[in-house]
Structure formats: structure tokens, C-alpha cells
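Novice: Residue numbers (our numbering), protein chains in the order written: chain A, 548 to 694; chain B, 548 to 694; chain C, 548 to 694; chain D, 548 to 694. The beta carbon of each residue, even a glycine, is placed where N, CA and C say it ideally should be. Once you've had a glance at the structure underneath, I'll fire off some questions.
Protein chains: 4
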Amino acid sequence: MIFSSVGMIPVMSSDSQQGTTTIRVRYAECDPMGVVHHAVYPIWFEIGRTELLRETGLTYRELEEAGVYLAVVDLSVKYRRPARYDDLLTLKTTWNDSGRVKITHDYELLRHGECLATGRTTLACLDKEGGIRPLPESLMIGNTDEN
Amino acid sequence: MIFSSVGMIPVMSSDSQQGTTTIRVRYAECDPMGVVHHAVYPIWFEIGRTELLRETGLTYRELEEAGVYLAVVDLSVKYRRPARYDDLLTLKTTWNDSGRVKITHDYELLRHGECLATGRTTLACLDKEGGIRPLPESLMIGNTDEN
Amino acid sequence: MIFSSVGMIPVMSSDSQQGTTTIRVRYAECDPMGVVHHAVYPIWFEIGRTELLRETGLTYRELEEAGVYLAVVDLSVKYRRPARYDDLLTLKTTWNDSGRVKITHDYELLRHGECLATGRTTLACLDKEGGIRPLPESLMIGNTDEN
Amino acid sequence: MIFSSVGMIPVMSSDSQQGTTTIRVRYAECDPMGVVHHAVYPIWFEIGRTELLRETGLTYRELEEAGVYLAVVDLSVKYRRPARYDDLLTLKTTWNDSGRVKITHDYELLRHGECLATGRTTLACLDKEGGIRPLPESLMIGNTDEN
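Next up, the structure:
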């Protein structure tokens, strides 16, 4: 049986793009409380948006090779119920808006349909020197202004 | 020369407790952009509040041994400037309020006085079974109601 | 398309059990050299042996729930070529021997058939108090003496 | 009181250089067994050799800025006793030999004088493109041939 930790079943909608990733909790991601440490969730969110981007036919690796960097400038997470070792989780990632230089993603982490956590990140588009630059056309997909 | 990553110089005030921790950036904490990965900041915040608690004469380890667990239920971080490998950073942690079952901390990460990031966490007090329980008296220090 | 990071295609042989896991390199697993940090490989090895165990119809989570703990007492890794961000890697895990209280696994990490690293771990079987205890029958699978 | 996690008290000898670093165990470094996860030790070893290098008047950051990269090509760890959350540990790092392109370090992790783990790493000297290059003179310190 194949479990996916980075697979993506994209669900398109008129003004956003959404995808689902399955994540198997690693032992090293859990703490002495026997639950996933809170600092792991941002790493999973990064996987969610990476796989959502891949579904658009683009990879973040290609973006960096082209000199386009996306840096997290804002992060928020609400932890509702603990995730545990070996849980098979579902991460719903929504690319809900793109500005001229920023992208916002929303995340919902589920276990058998039960919401464990929600989160939001804002990415800023940078050049190789770390200066702000406009998002390339290829990253305007989620932009409501574009739809 | 001794650099502290967990030392604490507490600064008391009428309605809060604040402390400063020095953190040396580890190579493993940095990513291909050559800067600290955003998921590392919550780990540093945890160090900040742990050392601030230690200054009150209590350790989180003792709390868990006594069946008192503090779980992060809310996290937010604003990333302003990148931290880099080998930077010697100053983390200011403020224990700015305690409720009946929750504690809020604010964080400011500085490099030579320049603010790199700010953050806030809310902790909920849990028992060994993971159920909400009132904060013990010993954790009421930061509570304005107590001052 | 579904990529597996924890899937397992077991290959049985007379005196060992072997399985293959696919791992997608995470951004947070890479360092300023632009390659996977060397401390990440032991985490992947843990995934490899966890999934190999799952293929035997047992999960490590169930073992711990039954009071059986497997602790790494010996680790060695040879790094031959760097793994890079977003690489899709193949991890071959071989459960090549079980003693009375220890299990040895060998690992081979591949990218498109090219060997990037090899490793070996030895696990000791512990009880809830951390004392050495005999391996349960269910973990004798790989033991050549048993075959 | 100030605890050092990266301080270094160097002890010179005729054919090696040795230093001691104090490490406070972070909560995020511990796993559901309530002990430090085995993949954390290589990160501590990296701190140990980084601080030992600093004592020679050189920093690894400066080396990379000069186009000299040190990549781990071999790692081994023996885990004897578990390290626990909030432990204050002593890491003894010995720079015991330098070859023409490689450096070997030995590590001993102690808690109140009790050995918890030992390890060894071999680093290869690389240029910016990842090709093998000779060690610069400044890294020949530990080389017995040089003494």
C-alpha cells in the first residue's frame, strides 16, 4: 500500500486553488507529551503549498533556479487537537490570494475529517539579493483579480 | 568567551515579567536561502519562555513532573529581516498575562538592537490526560490581576 | 500524481526482509550549502524501518502501546553524494538480523539508481522503564536463526 | 546565572586540540520516549566542532565566505544512556587529525561526568562547486604531521 505525504488532489474553484496532501507523522516530529511538536506544523504547511504549486505545473525549485524566492513574512497557527505519532493526516492548502508581491495561503489539518489545526502564511517575493520583487505571472493563479 | 543561549537577565515590572536570552544560530537551523528557516523561531520562543520561567525559581521540567503541562494553542510570528548562520541573537521574552487556564508570551528577536522578528504564543494548561486544568498559583506571576 | 514518502514495496528473501520507501526532500531539510543536512538522514532511516515493520503487519506505535520500545544504540552513515531540495529519493531498508535483544538495519539511499548514502542502525529492545528486555516473537522475522 | 550552549574552554595538547561546550537540552529535541531523539546528536556535534574552530580564531562562517566548505562524509554515534529534557550537558570535542582534504573529530557527551554518548565525524573540504579541494593552512592545526 502506498501512502502519500506529498501527493496532491487539486480542487479548482473560480477564485482560488486548493489541494490536499497526506502526511504520515514521523516519530522525530513528536515531543515528550507524545504529540507532534508545534514547530512542525509550519514545515507541513510548506509541503502543502509546495505540492499545490507543483500541481500548477511549476515547482518551487524551478522558481529559485530562475532567481525567484518566496520567503515567509507572516505565520499564524491555531492548534485545536493534538496530532500523534503515526497518524495519517490530511492537509488542505488553499492559495487564496496573490497580491503584487505577496501570496497568502490558508491551511487546514485534518484527521479522519476532524480539524486538528488551522494556519495561514504570507509569502513575499524576493530576488537573489533578498530584495522585494513583483511576483512572476506564473504565480498570479490564485489572484482573485486575475479570475 | 562564554556566549549564553539559555541565560536570562530578568527585568521585573509591575504587571509583567521580561527576560533576555542569547541565541547562537546553528548551521542546521539555516536553509538554502542561507537564512534561518521560519519554523525554527517557535523553537527559540520556547527557549525564551523556558528560561524566563526558570528565573522565577521554577522549571518546566518540574511542572511536567508535577502533572502540569503547558501546550501551545496559538502561535503567530512576523518575520522582518532574516537571521543568518552564526548570528548571535537576543531574544526578549515578555510574560505579559496569565488567565485562569492560559498564558500569553510576546517575543522580540534582535541582532545588535535591530528587530528581526516578533511573535506571540498562547499556552493552555493541561493535565496528564490532556484535559484543560487551572494554572497553578506558581504560574500566576505574570497575571496583572495578581499585581 | 501521488508520490509516496512512506510507502513500502516489500521484497522478501530467505534470510532477510527488505523494503523500499520513496522520500521527497523537504525545503526545511536542506542547509545553506543547498543540500540535505547530514542530521536528516537518521530521520529518514527511521521512516524506512518503520514502514518495513508496517509491512510485517505490525506498527511501531502498537509496539509502544504494548510496552515494547526500540531505542537506537548505534548509528553510522556514509555520505557519498549530496541529496538536494525536492529530490525524489528511494530508500532501501534491509532488516538483516535480529539478536535476542537487538535489531540491525542497513540502509541505502538512491536517486535514479545512484547511491547517495548508506547507513546502519542497531536498535535495543527496552521496557517502559528503559531496561533491556528480550525482543518479542513478532520482531524475530529478520532473524536468520529463525529462518 | 549564565549557562553556555556554545562557549568553549579549549584544552591544547601536542597533537590535538580539544574543547568543551555546554548544551541545554531543548524540549523540541526530545521524543515520545521522553529522551533526546538520536538524530539530534549530530547537530550538537556540529556545534562542538564549530566552537572549537572559533577558539582557533577562525569561524566556519568566514570559511564559507572564503569559498571553503566542510561537508560531513562519515558519521558514527554510540548511544549509551539517554539524555533528557532540560539536562545541562557537556560536549567534549577533539580535533584529532587533519589529512590533506579531510578532518576527523571525536565527541564525548557527558552529564555530570557520566558518558551518555560518543561519536566521530569525518569532514571533507569542498569548493563552492562541491569538488574536493585541499584544506587551507588555517585548518591544519589538528594535524599531527604539523606538530
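1) So which of A:675, A:600 and A:602 has the shortest CA-CA distance to residue 614 of chain A?
2) Under the three-state reduction of DSSP, which class applies to residue 597 of chain D: helix, strand or coil?
3) Using the rule of at least 16 other Cβ atoms within 10 Å of the residue's Cβ for burial, across every protein chain shown, is residue 585 of chain A buried or exposed?
4) Which residues of the stretch 569 to 597 of chain D have a Cβ closer than 7 Å to any Cβ of chain A? Give them in chain order.
5) Where does residue 602 of chain A land, buried or exposed, given buried means 16+ other C-beta within 10 angstroms?
6) Does the Cβ-Cβ distance between residue 638 of chain B and residue 656 of chain B come in under 8 Å?
7) Does any CB atom of chain D fall closer than 8 Å to the CB of residue 606 of chain B?
8) Does the separation of the CB atoms of residue 599 of chain A and residue 650 of chain A fall below 8 Å?
9) Taking the Cβ atom as the reference point for each residue, do residue 662 of chain C and residue 627 of chain C lie within a distance shorter than 8 Å?
10) Do three or more CB pairs link the stretch 562 to 575 of chain C to the stretch 563 to 579 of chain D at distances below 8 Å?
11) Does the Cβ-Cβ distance between residue 624 of chain B and residue 669 of chain B come in under 8 Å?
12) Less than 8 Å separating the beta-carbons of residue 596 of chain A and residue 640 of chain A?
13) Could you check what DSSP says for residue 609 of chain C in three-state terms: helix, strand or coil?
14) By Cβ distance below 6 Å, which residues in the same chain neighbour residue 658 of chain A in space, the five residues on each side in sequence not counted?
15) Using only CA atoms, which one of C:629, C:642, C:644 and C:687 lies nearest to residue 677 of chain D?
16) Could you check the C-alpha separation between residue 578 of chain B and residue 576 of chain C for me, to the nearest Å?
17) Bridge partners for residue 566 of chain D per DSSP, in chain order?
18) Does any C-beta atom of chain B lie closer than 8 Å to the C-beta of residue 618 of chain A?
19) Can you tell me which residues form a DSSP beta bridge with residue 631 of chain B?
20) Give, in chain order, every residue of the stretch 661 to 684 of chain A whose Cβ lies closer than 8 Å to some Cβ of chain B.
21) Give the straight-line distance between the Cα atoms of residue 643 of chain A and residue 582 of chain A, rounded to the nearest whole angstrom.
22) Between which two residues does the beta strand (DSSP E) containing residue 626 of chain A stretch?
23) Can you list, in chain order, the residues of the stretch 614 to 640 of chain A whose Cβ is nearer than 7 Å to any Cβ on chain C?
24) Just to confirm, is the Cβ distance from residue 574 of chain D to residue 664 of chain D under 8 Å?
25) In angstroms with no decimal places, state the Cα-to-Cα distance between residue 608 of chain D and residue 593 of chain D.
26) Quick check on the DSSP output: the beta strand (DSSP E) that includes residue 658 of chain C runs from which residue to which?
27) Rounded to a whole number of angstroms, what is the C-alpha to C-alpha distance between residue 671 of chain D and residue 687 of chain D?
28) For residue 498 of chain B, which three-state DSSP category applies?
29) For a test of the three-state rule: what should DSSP assign to residue 661 of chain B, helix, strand or coil?
Specialist: Let me lay it out:
1) A:675
2) helix
3) buried
4) 574, 575, 577, 578, 579, 581, 584 and 586
5) buried
6) yes
7) yes
8) no
9) yes
10) no
11) no
12) yes
13) helix
14) 634 and 636
15) C:629
16) 8 Å
17) D:640
18) yes
19) B:582
20) 677
21) 29 Å
22) 616 to 626
23) 632 and 633
24) no
25) 13 Å
26) 649 to 658
27) 13 Å
28) Nothing about residue 498 of chain B can be reported from this structure: the residues present for chain B run from 548 to 694 only.
29) strand
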